[in-house]
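Report on the structure given below.
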Amino acid sequence: AGVSTQSTGEIFMNGTNTIVCHNTCEDSLLASPLILDLVILAELCERITVQLDNEPEPRRFNSILSILSYLLKAPLVPAGTPVVNALFKQRSCIENIIKACIGLKPANHMMLEHKIGAPLTQGYNMSSAPHLQKKANSPYVSMGLGHAKTPSQ
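Numbering of the sequence shown is given in this note's numbering, commencing with residue 98 and proceeding in unit increments.
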């Protein structure tokens, strides 16, 4: 499906100049799978909640879904969140969040404390931890169907 535009104008010595432009927009078709993946990943993030034992209510991801940066050109992150431009780290973050939802151990790069908008424990950086917990603090990660404990519990 293409669009043609034609423009005609007069030029020097009663001449006519015609410009025809035809645009096929084939790159739009290539973006369709990316758009579907963006919608599916955003919808999945809407279902995920994280809750520590000492918190009464579970937390949701920040409305700025920085994990979608894997499928986009420029990462957008909440204030105070480190920007990750490395494609491998962005993909690893998505994989580890999904692993946490089913109770598997993450391989790092998840930075969960930035995804839910607040540190999970004071003075404790989840993204540098080998597991999703530290001592008595045990987060639960849920995908809307129930809670999944982290593997070290």
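Quick reminder that beta carbons are idealized off the backbone N, C-alpha and C, glycines included.
What are the residues that DSSP puts in a beta bridge with residue i?
i	result
Asn-114	Gly-106
Gln-187	Paired residue(s): none; Gln-187 is not in a bridge.
His-119	Ser-101
Given a threshold of 16 other Cβ atoms within 10 Å of its Cβ, counted over all protein chains shown, does residue i qualify as buried or as exposed?
i	result
Met-110	exposed
Ile-213	buried
Cys-142	buried
Ile-191	buried
Val-180	exposed
His-211	buried
Ser-163	buried
Leu-242	Low local confidence applies: a pLDDT of 40 at Leu-242 is under 50, so the model's placement there is unreliable, and no value is given.
Leu-209	buried
Gln-187	buried
Rounded C-beta distance between residue i and residue j? I'm assuming under 8 angstroms.
i	j	result
Ile-137	Cys-198	So it is not a contact: roughly 14 angstroms between Cβ atoms.
Asn-193	Pro-175	At roughly 18 angstroms, the Cβ-Cβ gap does not stay under 8 angstroms, so Asn-193 and Pro-175 are not in contact.
Leu-135	Leu-165	6 angstroms
Leu-133	Leu-168	Rounded, the Cβ-Cβ distance is 10 angstroms, inconsistent with contact.
Pro-153	Val-147	Actually they do not touch by this definition, with Cβ atoms about 13 angstroms apart.
Thr-115	Glu-107	The pair is not a contact, with the Cβ atoms about 11 angstroms apart (cut-off 8 angstroms).
Thr-102	Cys-118	5 angstroms
Ser-189	Ala-204	6 angstroms
Beta-carbon of residue i versus every beta-carbon of chain C: anything under 8 angstroms?
i	result
Pro-175	Here there is only one protein chain, and chain C is not present.
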